[in-house]
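The block underneath contains the structure these notes are about, expressed in structure tokens.
Numbering (the working numbering), first residue to last: 24 to 483.
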């Protein structure tokens with residue numbers, strides 16, 4: 024059951040005033056993610072914040088008020104992406120003069136059982152719901168009705184608005200005590216066509232002087248992604264054209280224990296997750312009567328520096344990691360660590376789809392990306408790991424006891440992939456599958472728990 028509020032965020036906004044401000048364009052990576060939809064599933068990411076249960080959990084009115092108060096700290100949440108006149112460059116972010124917070128925050132009740140699976144199914148449905156293109160590209164839902172009495176907040180962002188790290192910056196501004204909001208008028212008028220044209224020409228002129236840099240970025244980016252013509256991923260049942268349905272399951276592990284165990288072998292906590300995923304998928308294949316020599320995983324690598332962690336947009340590039348399936352957890356961990364160290368520096372820049380955006384976007388808009396993803400043999404799965412706050416955060420005075428990451432996109436022929444979030448000493452791994460092509464989600468989760476436990480228990 025869903026209830027939409029019919030209240031506005033205070034009085035109507037004043038008419039936009041023309042205030043000089045920098046032109047904010049969607050980056051080439053942002054535009055690539057927008058084009059990737061190509062008539063398929065919307066590229067959207069989300070996180071479910073599960074609050075400590077109690078008799079006075081925050082209701083939708085309280086959350087709506089808090090969100091409205093804290094939105095100015097993230098100007099992008101009150102902006103729309105709009106096209107520009109001919110000759111004025113790519114699309115720009117502008118203040119939405121019709122912004123209404125009640126259009127973005129709503130209340131949802133879990134199905135009658137209210138158990139963990141009912142909650143996860145609700146989260147999937149919320150992240151899967153396409154965001155309206157005539158409003159800022161985000162939503163939030165207060166979810167009640169869980170059997171344990173806990174209230175949750177599910178925040179959904181379109182991938183063109185932020186990547187995983189940028190999404191955490193959004194959450195940091197919305198949870199207690201809220202982010203710092205610089206004083207500025209709202210809404211500001213759109214830049215004039217003359218300003219946009221001048222900005223576009225300046226951008227073009229700057230890019231002419233960066234030709235050699237661009238060539239180097241293309242070379243490194245393709246190297247990290249396995250090369251222009253990478254080795255073919257071993258054929259197996261993990262690669263089958265997917266349908267529209269998605270199901271998720273969650274495994275949580277002590278993040279500190281996992282990191283300490285990995286460090287004994289010169290590896291990281293992220294390496295440990297990759298090794299565990301490879302072992303769990305190998306177990307699924309073995310149960311199906313299949314075997315492959317190695318599994319190929321795509322790992323998004325953030326290109327953000329230490330000074331731009333709060334900026335939005337997309338700053339990730341894919342890195343392919345080949346993990347041998349033979350041997351035990353220790354040998355897989357060492358193999359992953361070697362592969363990641365070998366390629367990580369190459370994946371520190373923009374992804375190939377952004378660097379070749381002028382070619383990629385029109386092909387993707389015609390459905391080319393969707394066709395490629397349904398026939399690709401480059402990788403078996405994707406594992407995206409984002410590091411969140413090390414200490415627990417609060418919302419409306421209540422501790423956030425768990426954070427469950429979810430991302431839905433055009434998965435093509437990848438029947439199972441993984442979103443990982445480190446938060447307050449816990450690593451949460453969300454397995455996302457097409458239940459019609461990957462019916463053994465329970466077996467995958469059991470194998471993932473066993474693999475993570477095995478790595479945590481390793482000794483030098």
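For each residue, glycine too, the CB sits at the ideal point set by N, CA and C.
Predicted, not measured: the structure shown is a model, and the values here were computed from it.
DSSP three-state assignment for residue i, whether helix, strand or coil
| i | result |
| --- | --- |
| residue 442 | strand |
| residue 148 | helix |
| residue 394 | helix |
| residue 135 | coil |
| residue 193 | helix |
| residue 154 | coil |
| residue 418 | strand |
| residue 25 | Note on residue 25: pLDDT 32, under 50, position unreliable in the model; the coordinate value appears next. Three-state result, residue 25: strand. |
| residue 306 | helix |
| residue 116 | strand |
| residue 130 | strand |
| residue 85 | helix |
| residue 449 | strand |
| residue 460 | coil |
| residue 171 | coil |
| residue 74 | strand |
| residue 474 | helix |
| residue 185 | strand |
| residue 297 | helix |
| residue 262 | strand |
| residue 368 | helix |
| residue 283 | helix |
| residue 241 | helix |
| residue 332 | With a pLDDT of only 43 at residue 332, under the threshold of 50, the placement of this residue in the model should not be trusted; the figure read from the coordinates follows. Correct three-state label for residue 332: coil. |
| residue 121 | coil |
| residue 291 | coil |
| residue 314 | coil |
| residue 435 | coil |
Identity of the residues DSSP links to residue i by a beta bridge
| i | result |
| --- | --- |
| residue 503 | Residue numbering for the chain in the displayed model covers 24 to 483; residue 503 lies beyond these limits and cannot be assessed. |
| residue 68 | 180, 430 |
| residue 320 | 344, 404 |
| residue 213 | Paired residues: none, contrary to the question. |
| residue 105 | 115 |
| residue 455 | 271, 440 |
| residue 423 | 74 |
| residue 161 | 180 |
| residue 48 | 115 |
| residue 325 | 339 |
| residue 409 | 444 |
| residue 276 | 450 |
| residue 166 | 131, 175 |
Closest by C-alpha distance to residue i, when choosing among the options
| i | options | result |
| --- | --- | --- |
| residue 239 | 447, 73, 368 | 368 |
| residue 199 | 66, 76, 414, 68 | 414 |
| residue 263 | 143, 404, 309, 162 | 404 |
| residue 282 | 459, 410, 242, 110 | 410 |
| residue 133 | 111, 150, 174 | 174 |
| residue 114 | 180, 51, 85 | 51 |
| residue 257 | 100, 191, 432, 345 | 345 |
| residue 349 | 376, 366, 318 | 318 |
| residue 162 | 180, 184, 468 | 180 |
| residue 194 | 315, 381, 176 | 176 |
| residue 461 | 158, 86, 261 | 261 |
| residue 154 | 422, 423, 66 | 66 |
| residue 419 | 69, 53, 77 | 77 |
| residue 432 | 70, 210, 103, 269 | 269 |
Buried/exposed call for residue i, threshold 16 Cβ in 10 Å
| i | result |
| --- | --- |
| residue 390 | exposed |
| residue 483 | exposed |
| residue 79 | exposed |
| residue 286 | exposed |
| residue 465 | exposed |
| residue 116 | buried |
| residue 215 | exposed |
| residue 310 | exposed |
| residue 399 | exposed |
| residue 129 | buried |
| residue 207 | exposed |
| residue 401 | buried |
| residue 430 | buried |
| residue 322 | buried |
| residue 106 | exposed |
| residue 184 | buried |
Any C-beta of chain B under 9 Å from that of residue i
| i | result |
| --- | --- |
| residue 413 | The structure shown contains no chain B, having only a single protein chain. |
At least three beta-carbon pairs within less than 8 Å, the region 131 to 147 to the region 96 to 103: No: fewer than three Cβ pairs fall under 8 Å.
Given 8 Å, three or more beta-carbon pairs between the region 282 to 298 and the region 345 to 361: yes
Any 3 or more C-beta pairs closer than 8 Å across the region 216 to 231 and the region 431 to 446: no
Validate contact between the region 450 to 461 and the region 260 to 276 using beta carbons, cut 8 Å, 3 pairs: yes
Three or more C-beta pairs below 8 Å linking the region 50 to 61 and the region 159 to 169: no
Inter-stretch contact at 8 Å, needing at least 3 Cβ pairs: the region 145 to 153 / the region 114 to 124: no
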